[in-house]
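Participant:
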Amino acid sequence: MIALFNKLLDWFKALFWKEEMELTLVGLQYSGKTTFVNVIASGQFNEDMIPTVGFNMRKITKGNVTIKLWDIGGQPRFRSMWERYCRGVSAIVYMVDAADQEKIEASKNELHNLLDKPQLQGIPVLVLGNKRDLPGALDEKELIEKM
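Quick look at the structure:
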């Protein structure tokens, strides 16, 4: 009887409940932000991507959840925009290319610069190690230590 009631309650909530969130993806150029957004949106992986100039915005709906994703360019000239697009979002996803060890220090510095912004205090940040399947990529523990 309780299971039936819970199913009925879940069905009823699904009629009226809708979750909307806004996420900003930032990280150095070529870390895989745009590819990540495309995989979430379409389920398809395309290795040939053009670098993001400025920003892209995609709205993705899965069931009752709608996510507005801001994909911000990672080239040095766009990094000053990161704070502006991170203000007021539900969460920030900071993408790190775990296979590009030459850029780890620069990525760490940019992450800490972002975390130091007073207007972003209280916004959850997910640091996502990408490209861990590539040869020479840092494992989870190494990435945590270096970031």
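Using the UniProt record's numbering, read the sequence shown as starting at 1 and increasing by one per residue.
Glycine included, each C-beta is placed from N, C-alpha and C at the ideal position.
Owing to the predicted nature of the structure, the values given are computational and were not obtained by experimental measurement.
(1) If you run the structure through DSSP and keep just helix, strand and coil, what is D71?
(2) Which two residues bound the contiguous alpha helix (DSSP H) that contains K141?
(3) Any beta carbon from chain C within less than 8 Å of W82's own beta carbon?
(4) Using DSSP's beta-bridge definition, name the partner residues of R58.
(5) Quick check on the burial criterion: 16 or more other C-beta atoms within 10 angstroms. Buried or exposed for T24?
(6) Three or more C-beta pairs closer than 8 Å, one from the segment 61-68 and one from the segment 95-104: is that the case here?
(7) Report all residues from its chain with a CB closer than 6 Å to the CB of M21; omit the five preceding and five following residues, and keep chain order.
(8) Hey, how far is the Cα of Y85 from the Cα of A3?
(9) Thinking C-alpha only, which one of L28, L115 and G122 is nearest G74?
(10) Does T52 come out as helix, strand or coil in the three-state DSSP assignment?
(11) With a Cβ-Cβ cutoff of 8 Å, do L143 and G129 count as a contact?
(12) Determine the DSSP secondary structure at Y85, reduced to helix, strand or coil.
(13) Under the rule that 16 or more other beta-carbon atoms within 10 Å means buried, what is G32, buried or exposed?
Facilitator: With the structure as the only source:
(1) Note: D71 maps to strand in three-state DSSP.
(2) E140 to K146
(3) Among the protein chains of the structure shown there is no chain C, as only one such chain exists.
(4) L69
(5) buried
(6) no
(7) Counting only Cβ-Cβ distances below 6 Å, and skipping sequence neighbours, we find I67 and S90.
(8) 43 Å
(9) L28
(10) coil
(11) yes
(12) helix
(13) Per the 10 Å Cβ criterion, buried.
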